[in-house]
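Below you'll find the structure, written out as C-alpha cells, and then a few comments.
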Amino acid sequence: MDYHNRAGSKKGGGGIATDSQFNRQRRQQIEELLSGDSNIPFTFQENEISTTVPDSSRQNPYIYKNHSGKLVCKLCNTMHMSWTSVERHLRGKKHGLNVIRRNNFVSGGGIRTSGTTGNIEDSKMALAFQREVETMRQQLKYDKGLPKVNLVSIKDPKTDNKGISVRIIYPNESQIQKDESEEKVNNDETKESITQQEYPPFLRVVTGLELSSSKDRNKKFLVVSYPPFENVAIEIPSQSNIVGGKNLTNDKNKNEFTVYVDDLNHDCTLWDPDSHTFFVQCYFLSSEGKKY
Numbered sequence: 001m002d003y004h005n006r007a008g009s010k011k012g013g014g015g016i017a018t019d020s021q022f023n024r025q026r027r028q029q030i031e032e033l034l035s036g037d038s039n040i041p042f043t044f045q046e047n048e049i050s051t052t053v054p055d056s057s058r059q060n061p062y063i064y065k066n067h068s069g070k071l072v073c074k075l076c077n078t079m080h081m082s083w084t085s086v087e088r089h090l091r092g093k094k095h096g097l098n099v100i101r102r103n104n105f106v107s108g109g110g111i112r113t114s115g116t117t118g119n120i121e122d123s124k125m126a127l128a129f130q131r132e133v134e135t136m137r138q139q140l141k142y143d144k145g146l147p148k149v150n151l152v153s154i155k156d157p158k159t160d161n162k163g164i165s166v167r168i169i170y171p172n173e174s175q176i177q178k179d180e181s182e183e184k185v186n187n188d189e190t191k192e193s194i195t196q197q198e199y200p201p202f203l204r205v206v207t208g209l210e211l212s213s214s215k216d217r218n219k220k221f222l223v224v225s226y227p228p229f230e231n232v233a234i235e236i237p238s239q240s241n242i243v244g245g246k247n248l249t250n251d252k253n254k255n256e257f258t259v260y261v262d263d264l265n266h267d268c269t270l271w272d273p274d275s276h277t278f279f280v281q282c283y284f285l286s287s288e289g290k291k292y
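Numbering (UniProt numbering), first residue to last: 1 to 292.
Here's what the structure looks like:
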C-alpha cells in the first residue's frame, strides 16, 4: 500500500482531526473567550458566600462551580453545563429580575443570608406587604355606606305561599354630614353622589351562573343596589318563581309618577325617600306550581 501521499504520513505527525474533535476544540475556544480566562471559585471554598454584596473584582460575581465542576448561578439557583449556557442565562429575563429584586432588597436595608432562610424572609416580607395593602384598602372603603337590614319570613293567609319581607334603612343626608363633620372628612364627590340621587334603589334577581364562585352555581339571590352604598344580597330558593307582594303594590304611599325598572320592582318594592327606607316583599312559588 502507498502511504506517501496520505495525510499524516509524516513520521511523528498526528492524524486528521475528526468532526467531533474539531467541534469540541471550537467549543473550548468559545468558552475561553466568553469566560475571559477568569478564575471561577468553587462553592465550598468559602464558608459563607454573600449574594447580596457581590465581589466587584469578578465580571460575573454570582457564577460558581459546584463539587462536580459544573457552573451554577447562586442568585437564581440554576446549573449550567457550559459558558454558552451561562451567557444565555445572564442575558435572560429571570436573572435580570432577580438582580433588580436583590438590589431593591439591599437598598431597603434588608439583611439576607444564602440558602432557604432568604426565601423565608422574602415570603414574610411579601405577606407583610399584602397585609398592609389590605389594611389600606379597608381604610379607603366608604364606611358610612353600610345599610341596616331587617329580614322576616312571611306567609300569605289566602294562598299559603311563603315569602320574605325585607326592610333596608340607608343612612340619611343629615347623619352623613354629622359624621363627616365630627371626623373632619372632606369628600365632596361622595357627598354629591349621595345627596343628588333622584332615583330609588332597584331589585334584581342574580343567578349562580353570573357569579365567579363555582360553589354558588345552583343558588339564586335577590340583590338590592343603591350606589354608593353596599349591595344587599338575600339567598332565595333556586327553583322558585317570585310572586309580587300585594300589600306593597296596593299601598297608598305608592307614587303614581315613580318610574320602575321592571315589573319585579313595581310589584315587590316600595321606596320611602323621607326616611331613606326601602321595602321588599315577595312570595315564592315553585316552577311546578307547588307552595313553599
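Just so it is clear, CB atoms sit at the ideal spot from N, CA and C, and this is done for glycine as well.
Residue i versus residue j: straight-line alpha-carbon distance, rounded
i: glutamine 21; j: leucine 97; result: 38 angstroms
i: asparagine 265; j: threonine 135; result: 37 angstroms
i: proline 200; j: glutamine 281; result: 16 angstroms
i: glutamate 235; j: lysine 219; result: 7 angstroms
i: arginine 131; j: glutamine 25; result: 56 angstroms
i: arginine 204; j: phenylalanine 129; result: 38 angstroms
i: serine 225; j: proline 157; result: 30 angstroms
i: aspartate 263; j: phenylalanine 278; result: 16 angstroms
i: threonine 207; j: asparagine 231; result: 15 angstroms
i: arginine 88; j: asparagine 77; result: 15 angstroms
i: glutamine 239; j: phenylalanine 202; result: 22 angstroms
i: asparagine 172; j: serine 275; result: 7 angstroms
i: asparagine 23; j: methionine 125; result: 48 angstroms
i: valine 243; j: proline 227; result: 26 angstroms
i: leucine 127; j: glutamate 210; result: 31 angstroms
i: asparagine 103; j: glycine 69; result: 28 angstroms
i: lysine 215; j: serine 107; result: 45 angstroms
i: threonine 18; j: glycine 92; result: 34 angstroms
i: aspartate 267; j: arginine 217; result: 27 angstroms
i: aspartate 160; j: proline 273; result: 32 angstroms
Closer than 7 angstroms to chain B by CB, residue i
i: asparagine 39; result: In the structure shown, chain B cannot be found, because there is only a single protein chain.
Close-in-space but distant-in-sequence residues of the same chain around residue i (CB under 6 angstroms, 5 per side omitted)
i: lysine 155; result: Lys162
i: asparagine 150; result: Arg167
i: serine 165; result: Val152, Ile154 and Gln281
i: phenylalanine 233; result: According to the sequence provided, residue 233 is alanine. The question's phenylalanine does not apply to it. Counting only Cβ-Cβ distances below 6 angstroms, and skipping sequence neighbours, we find Phe221 and Val223.
i: tryptophan 271; result: Pro200 and Phe278
i: serine 213; result: none
i: asparagine 47; result: Low confidence applies here, because asparagine 47 scores a pLDDT of 49, under 50, leaving its location unreliable and the question unanswered by this model.
N- and C-terminal bounds of the beta strand (DSSP E) containing residue i
i: glycine 163; result: 162 to 169
i: lysine 93; result: From DSSP, lysine 93 is part of no beta strand (DSSP E) but of the alpha helix (DSSP H) over 93 to 107.
i: glutamate 235; result: 232 to 236
i: threonine 277; result: 277 to 286
i: residue 313; result: One cannot answer for residue 313 here, as it falls past the ends of the chain, which runs 1 to 292.
i: tyrosine 64; result: 63 to 65
i: isoleucine 154; result: 148 to 155
i: threonine 207; result: 202 to 207
i: threonine 78; result: 78 to 80
i: residue 312; result: Nothing about residue 312 can be read from this structure; the chain reaches only from 1 to 292.
i: leucine 222; result: 220 to 225
i: leucine 211; result: Segment: none, leucine 211 is in no beta strand (DSSP E) and carries neither H nor E.
i: leucine 75; result: Leucine 75 -> no beta strand (DSSP E), and no H or E assigned at all.
Sequence-distant residues of the same chain with beta carbon closer than 8 angstroms to residue i, five excluded per side
i: histidine 67; result: Phe42, Thr43 and Phe44
i: proline 237; result: Lys220, Phe284, Ser286 and Tyr292
i: lysine 65; result: Ile40, Pro41, Phe42, Thr43, Leu71 and Val72
i: valine 86; result: Leu34, Asn60, Ile63, Leu71, Cys73 and His80
i: leucine 82; result: At residue 82 the sequence reads serine, which differs from the leucine that was named. Here the set comprises Arg27, Glu31 and Leu71.
i: threonine 84; result: Arg27, Ile30, Glu31 and Leu34
Buried/exposed call for residue i, threshold 16 Cβ in 10 Å
i: isoleucine 100; result: exposed
i: asparagine 241; result: exposed
i: proline 147; result: buried
i: threonine 269; result: buried
Endpoints, alpha helix (DSSP H) assigned at residue i
i: histidine 266; result: 263 to 268
Sequence-distant residues of its chain with Cβ nearer than 7 angstroms to residue i (five each side left out)
i: leucine 90; result: Asn60
i: residue 294; result: Since the first and last residues shown for the chain are 1 and 292, residue 294 lies out of range.
Residue i Cβ short of 6 angstroms to the ligand ADP heavy atom set
i: valine 86; result: Questions concerning the ligand ADP fall outside what the structure shown contains, since it holds no ligand whatsoever.
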